[in-house]
Every structure is written in structure tokens, then in C-alpha cells.
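Engineer: Quick mapping for you: the protein sequence lines, in order, are chains Z and Y.
Numbers 0 to 236, taken from numbering that gives the first Met the number 0, label the letters of the first sequence in order.
Numbers 0 to 236, taken from numbering that gives the first Met the number 0, label the letters of the second sequence in order.
Sharing a structure, written as C-alpha cells. Questions coming.
There are 2 protein chains.
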Amino acid sequence: MTPLYAQVKSHILDQIRSGTLTAGKRVPSENELVTQFNISRMTANRALKELTADGFLARVPGVGTFVREATPRTSLIELRNIADEIAARGHRYSSRIEDLREINATPNLIKDFEFKSASPLFHIAIVHEENGMPVQFEDRYVNPFSAPNFLKQNFAEQTPTAYLLALLPADELEHNVEAIMPDANQQRRLKITNVEPCLSLHRRTWSGGHVVTSATLIYPASRYALYSRYNTGAKPQ
Amino acid sequence: MTPLYAQVKSHILDQIRSGTLTAGKRVPSENELVTQFNISRMTANRALKELTADGFLARVPGVGTFVREATPRTSLIELRNIADEIAARGHRYSSRIEDLREINATPNLIKDFEFKSASPLFHIAIVHEENGMPVQFEDRYVNPFSAPNFLKQNFAEQTPTAYLLALLPADELEHNVEAIMPDANQQRRLKITNVEPCLSLHRRTWSGGHVVTSATLIYPASRYALYSRYNTGAKPQ
DNA sequence: GAGTGGTCTAGACCACCGC
DNA sequence: CGGTGGTCTAGACCACTCA
């Protein structure tokens with residue numbers, strides 16, 4: 000059974016997504032939600048408080064709760080498909096699959112996937128190339144309960160990111176970015192000749208409360224940077 | 000009057016900072032907090048829930064609430080003050096100012112600040128330290144029209160970020176993250192002995208349509224990572 | 001079975017806002 | 001003044017874990 004506060008959150012998010020509630024518009028007050036959903040005010044308060052913490056709403060004491068301008072918290076690293084990015088630059092995309100099979104989760108992976116005990120996982124190692132030059136090494140684990148047919152896909156046609164995004168909407172993302180020196184294996188796969196640092200982007204993706212996939216994306220420093228620009232919704236003086 | 004839940008939060012955070020509660024240790028249960036502070040369980044629940052959301056605690060249903068491992072990582076999305084982040088980990092913050100003066104904008108800086116012609120700029124170079132160890136080198140330029148008193152501030156008391164944020168709301172942000180090998184100057188300032196890659200985070204901040212500041216923040220890879228986790232607003236809640 | 005966290009209720013008092 | 005959000009209470013039922 001879905002908790003009541005989560006149902007209220009979903010209801011409001013649906014209205015924002017569908018355009019019924021647009022930026023700046025007032026959301027039902029806590030007391031209005033109490034009568035609409037036949038819940039207690041504490042439950043309505045929790046729903047609105049969490050949506051505010053998530054960056055969707057802004058609350059003004061004595062006035063009301065409002066839909067915020069285009070979510071300022073979602074922009075730094077969008078979930079984009081590297082094949083589309085490369086195509087958008089007018090370059091040729093290709094890939095090389097280096098591994099694709101079922102494995103047993105290690106203790107670290109069990110923690111990553113929030114599993115309670117040992118479990119099989121799917122693994123893919125794939126090198127993405129732009130005009131034949133490796134630009135990203137993707138080392139990804141996939142929850143077989145979320146994507147049971149993962150191993151049967153043709154990843155020469157569609158990247159793992161694109162397949163998973165089409166299958167399951169990502170409702171929560173976690174990113175961790177580090178600078179690393181690639182090990183010999185990674186250097187070989189990325190065809191790095193000189194000593195060159197890399198960006199290591201670790202990403203976990205949730206859908207429906209479960210970790211769908213955990214991926215480490217490695218970019219050679221000379222060929223890639225992460226970029227974002229966005230509006231915070233603050234009021235300029 | 001400080002809210003009760005905030006008092007409980009402070010009390011627990013103080014114990015983490017002072018070392019009374021270390022990583023992995025169990026925090027008082029909700030019922031124990033109820034009797035200790037003479038509060039209702041909902042208030043105790045709120046304190047523990049928020050500390051969990053803030054990343055300090057981890058809760059296990061049926062077992063208890065525990066202090067999390069302090070991971071030195073900084074938020075990618077929010078504009079946070081490094082002094083607060085370090086204090087929140089219970090560590091000692093200090094800084095070393097290496098430069099603070101007015102300069103003339105170079106062509107690159109003129110472009111960065113969207114100026115039409117040459118102009119003076121303020122410059123600060125400052126090393127941020129955690130328990131005496133350099134963790135960030137900040138190389139920042141500031142628009143004198145936005146913050147005319149910048150050079151007169153005491154940056155031993157307040158970081159440049161904190162000063163500028165209090166002065167002007169950031170209504171637009173731009174980030175660019177790269178992996179770099181630090182040059183000799185940067186190595187010396189960060190006290191890097193071995194060959195070690197660094198994260199370079201370049202950030203421009205707008206307020207009222209003008210570029211207020213342009214900063215390059217350099218983090219040694221071994222001591223820092225950038226982190227973010229957020230809700231995307233996609234369908235399943 | 002005792003203890004834990006997860007959720008929920010039906011009230012309450014308050015500061016604040018706009019009218 | 002009535003409506004808003006911010007906080008708080010004293011109960012409650014549940015699923016879960018651990019001994």
C-alpha cells in the first residue's frame with residue numbers, strides 16, 4: 000500500500016507534469032488537501048514539505064504554496080544519451096561491447112543496489128566512440144528484477160542508457176564525480192597513450208523506489224568536461 | 000525560540016562533532032529522545048528524519064538509527080559554503096589568503112564577465128583547509144560594480160562565497176567540471192606531493208543579469224568528490 | 001515479545017499575511 | 001479578521017528485527 004503522503008505527492012506532481020499546475024501557480028493549501036483527500040493536516044504538511052525539499056514547490060508563510068520555476072536542481076548532469084550527444088555534434092557514433100553477462104553481486108554491489116542478500120546482476124562494459132575515438136568507458140550493473148531482458152538487447156543499436164530510460168523512468172538520481180588516474184585496463188580501452196587524468200562519474204538511478212542501475216562512466220580529461228547552466232529561480236534585485 | 004526538533008538536531012550534531020558519537024554508533028531511538036527531551040515522538044521523528052536526509056544518519060527499520068561515515072564530498076547543485084560543509088563534518092576549517100587585490104581584466108576575463116571593454120576586477124586566491132590539510136584552492140574574480148566593498152572584507156571570518164551569497168542572490172549558475180593535472184603553482188598551494196589529478200570546477204554566478212563572480216575551484220582527487228542526489232519528478236514515486 | 005522505525009490521526013497554539 | 005504555513009502533542013497501528 001502506498002503511503003498517503005506519497006499519493007498526495009504523486010497527485011501534485013502529476014498536475015505539474017501535465018501542465019495543470021504551472022510555475023507560479025498556487026497549490027492547494029494544507030487544509031484544502033485535508034478535505035480533498037480526507038487526510039490529517041500532518042499528512043498534507045508532509046507531502047508539501049517534501050515536494051518543497053525536492054525543489055518543486057516554494058512555501059510562503061501566511062500566503063500559500065506555489066509551483067517553482069523550472070526545477071533548478073535537475074540540471075547539472077542530465078541523463079543524456081551519449082549517442083544523441085555525439086550525433087548532435089554532427090559526428091559519427093560507434094561503440095565496442097567488451098563484456099555483457101550475468102554476474103553475482105559482490106558485497107559492494109549488494110550495498111549499491113540496496114539488496115538484502117546476494118543476488119545476480121547484469122553487467123556490461125562498453126566503450127563509446129566519437130569518430131572512432133573512444134570518449135567514454137561505461138562500466139554498468141543492472142538490476143535483473145527491473146530489466147529482465149537486458150542481456151538480450153542489441154546494444155550496437157541502442158545504448159544501455161537509452162534502453163533503460165525507455166523501459167523505466169528515472170525518478171531519482173545520484174551522482175558522484177571524481178578525478179582519477181585511469182588504470183592500465185581503462186587506459187587500454189580508452190586508447191590513452193600519455194599520462195592523462197580522467198573524470199569518473201558514478202551514477203545510480205532509481206525507479207519506483209528500487210535501484211535500477213549503477214554505472215561508472217570514465218571520460219578522458221582531454222576529450223570531455225561536464226557542463227551546466229541554469230536559473231535558480233531566485234529573485235534578482 | 001528555536002523549534003524543539005532543531006534543538007534535538009543540534010544536540011545530536013554536537014555529539015557527532017565532538018566525537019561523542021562516531022561513525023557506526025547508534026543514536027538514541029525515538030522513544031529514548033521522547034523521555035530525554037520530554038517531547039512527543041513526532042518531534043523526535045522529525046529530528047532524526049531530517050538528519051538522515053542531510054546525510055548524517057542512516058535508519059534501519061526494526062534495528063535503530065546510526066551515525067553515517069563522514070564522506071568528504073560537496074554538492075554539485077547547491078551553492079554551498081565550504082566552511083559550513085567542513086564544520087558539518089565535525090572538522091576544523093581554516094584558510095590562507097594568497098592574493099587579494101584589484102587587477103585589470105584580461106581578454107578572457109572580459110569575455111567571462113560579458114564586459115564590452117577593459118575593466119578593473121577584484122581577485123582573490125585562497126586555500127581552504129580541513130583540519131589543516133588543503134582541500135580546495137579557490138581562484139576567484141569579482142565584478143567591482145556588483146560588490147564594490149569586496150576587497151575590504153575579512154575573509155578569515157567569512158568565505159568569499161558566503162559574503163557574495165549574502166550580498167546578492169544568485170539567480171543563474173554555470174558550472175564546468177574537468178579533470179586536470181595541477182600545475183606547479185597549484186601543487187604547491189594544495190601541498191600535493193605525488194602526481195595526483197584534481198577536479199577543476201569552474202563556476203560563474205549571475206545576479207540581476209550581470210556576472211557577479213567567476214571562480215575556479217580546484218580539489219585534489221584524493222581528498223574530495225562532488226556529489227548530488229535528487230528527485231527528478233518522473234512518474235513513480 | 002520487546003524494541004525499532006514508518007505512518008497516521010485529530011486536535012492545538014502560534015506568527016504571519018492580506019483584506 | 002480569516003487563511004496560511006510552522007510547530008507540537010499524545011495517542012495509535014503496522015511491519016520489521018533481534019534475542
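Where is the CB? At the ideal position from N, CA and C, for every residue including glycine.
Keep in mind the model is a prediction, meaning the values are calculated, not measured.
From the DSSP output, in three-state form, read off Y/Pro133 for me.
Structural biologist: Translated into the one-based positions of the second sequence, residue 133 of chain Y becomes position 134. Note: Y/Pro133 maps to strand in three-state DSSP.
Engineer: Under a Cβ-count criterion, where at least 16 other Cβ atoms within 10 Å of its own Cβ denotes burial, should Z/Tyr218 be classed as buried or exposed?
Structural biologist: The residue labelled residue 218 of chain Z in the question sits at position 219 within the first sequence. Per the 10 Å Cβ criterion, buried.
Engineer: Within its chain, find whatever has a CB closer than 6 Å to the CB of Z/Glu129; leave out the 5 residues flanking it on each side and keep chain order.
Structural biologist: Translated into positions along the first sequence, residue 129 of chain Z becomes position 130. For Z/Glu129, where only same-chain residues beyond five positions count, the Cβ hits under 6 Å are Ile85 and His90.
Engineer: Could you give the distance in angstroms between the alpha-carbon of Z/Asp182 and the alpha-carbon of Z/Cys197?
Structural biologist: Residue mapping note: residue 182 of chain Z aligns to position 183 of the first sequence, counting from 1. Residue mapping note: residue 197 of chain Z aligns to position 198 of the first sequence, counting from 1. Cα to Cα, Z/Asp182 sits roughly 10 Å from Z/Cys197.
Engineer: Could you round the C-beta distance between Y/Val33 and Y/Ala43 to whole angstroms and report it? I think they count as a contact, below 8 Å.
Structural biologist: The sequence position of residue 33 of chain Y within the second sequence is 34, counting from 1. The sequence position of residue 43 of chain Y within the second sequence is 44, counting from 1. That pair is a contact at about 5 Å.
Engineer: Z/Asn107 touches chain Y at which residues, Cβ-Cβ below 8 Å?
Structural biologist: Here residue 107 of chain Z corresponds to residue number 108 of the first sequence, with the count starting at 1. Chain Y residues near Z/Asn107: none, gap ~14 Å exceeds 8 Å.
Engineer: Taking only three categories from DSSP, how would you classify Y/Leu20?
Structural biologist: As a working note, residue 20 of chain Y is residue 21 in the second sequence. Coil at Y/Leu20, not helix or strand.
Engineer: Between which two residues does the alpha helix (DSSP H) harbouring Z/Asp111 extend?
Structural biologist: As a position in the first sequence, residue 111 of chain Z is number 112, starting the count at 1. Note, Z/Asp111: alpha helix (DSSP H), Pro106 to Asp111.
Engineer: State whether the stretch 1 to 17 of chain Y contacts the stretch 151 to 159 of chain Z, with contact taken as three or more CB pairs (one from each stretch) at a distance under 8 Å.
Structural biologist: As far as the Cβ criterion goes, the stretch 1 to 17 of chain Y does not touch the stretch 151 to 159 of chain Z, which means the pair count is below three.
Engineer: Output needed for Z/Arg40: all residues of its chain with C-beta closer than 6 Å, excluding positions within five of it in sequence on either side, in chain order.
Structural biologist: As a position in the first sequence, residue 40 of chain Z is number 41, starting the count at 1. Excluding sequence neighbours, Z/Arg40 sits near Glu29 and Val33.
Engineer: Quick check: the Cα distance between Y/Glu113 and Y/Val210, rounded to an integer number of angstroms?
Structural biologist: Along the second sequence, read from residue 1 onward, the residue named residue 113 of chain Y stands at position 114. Along the second sequence, read from residue 1 onward, the residue named residue 210 of chain Y stands at position 211. Looking at the two C-alpha atoms, the distance is approximately 7 Å.
Engineer: Quick one, which of Y/Ala178, Y/Lys190 and Y/Gln186 has its alpha-carbon nearest Z/Val194's?
Structural biologist: Taking the first residue of the first sequence as position 1, residue 194 of chain Z is located at position 195. Of Y/Ala178, Y/Lys190 and Y/Gln186, the residue nearest in Cα terms is Y/Ala178.
Engineer: Pull out every residue of the stretch 26 to 46 of chain Z whose Cβ sits closer than 8 Å to any Cβ of chain Y, in chain order.
Structural biologist: Within the stretch 26 to 46 of chain Z, the qualifying residues are Met41.
Engineer: Quick one: what's got a C-beta closer than 6 Å to Y/Ala57's C-beta in the same chain, skipping five residues either side?
Structural biologist: Residue mapping note: residue 57 of chain Y aligns to position 58 of the second sequence, counting from 1. Same-chain partners within the cutoff: Phe65 and Arg67.
Engineer: Measure the alpha-carbon distance for Z/Thr192 versus Z/Tyr140 and round it to whole angstroms.
Structural biologist: Position 193 of the first sequence, counted from the start, is the residue given in the question as residue 192 of chain Z. Position 141 of the first sequence, counted from the start, is the residue given in the question as residue 140 of chain Z. Near 28 Å, if we compare the C-alpha coordinates of Z/Tyr140 and Z/Thr192.
Engineer: Tell me whether Y/Pro147 is buried or exposed, calling it buried when 16 or more other Cβ atoms sit within 10 Å of its Cβ.
Structural biologist: Taking the second sequence and counting its residues from 1, one reaches residue 147 of chain Y at position 148. Y/Pro147 comes out exposed.
Engineer: Quick one: does Y/Phe136 have its CB under 9 Å from some CB of chain Z?
Structural biologist: As a position in the second sequence, residue 136 of chain Y is number 137, starting the count at 1. Taking Cβ atoms only, chain Z never reaches closer than 9 Å to Y/Phe136, which makes this a no.
Engineer: Spell out whether any CB of chain Z is found under 9 Å from the CB atom of Y/Leu198.
Structural biologist: Residue mapping note: residue 198 of chain Y aligns to position 199 of the second sequence, counting from 1. By this cut-off, Y/Leu198 is an interface position.
Engineer: Skipping 5 residues on each side, what residues in its chain have a beta carbon closer than 6 Å to that of Z/Lys190?
Structural biologist: Stepping through the first sequence from its first residue, residue 190 of chain Z is reached at position 191. Around Z/Lys190: Pro133.
Engineer: If I follow the unbroken alpha helix (DSSP H) through Z/Ile85, where does it start and stop?
Structural biologist: Within the first sequence, the letter at position 86 stands for residue 85 of chain Z. Run containing Z/Ile85: Ile81 to Ala87, per the alpha helix (DSSP H) assignment.
Engineer: Measuring CB to CB, does Y/Ser118 end up less than 9 Å from Y/Ser206?
Structural biologist: Taking the second sequence and counting its residues from 1, the one referred to as residue 118 of chain Y is at position 119. Taking the second sequence and counting its residues from 1, the one referred to as residue 206 of chain Y is at position 207. Taking 9 Å as the Cβ cut-off, Y/Ser118 and Y/Ser206 do not qualify as a contacting pair.
Engineer: Can you find a CB in chain Y that lies within less than 9 Å of the CB of Z/Asn175?
Structural biologist: Taking the first sequence and counting its residues from 1, one reaches residue 175 of chain Z at position 176. With 9 Å as the cut-off, Z/Asn175 counts as an interface residue toward chain Y.
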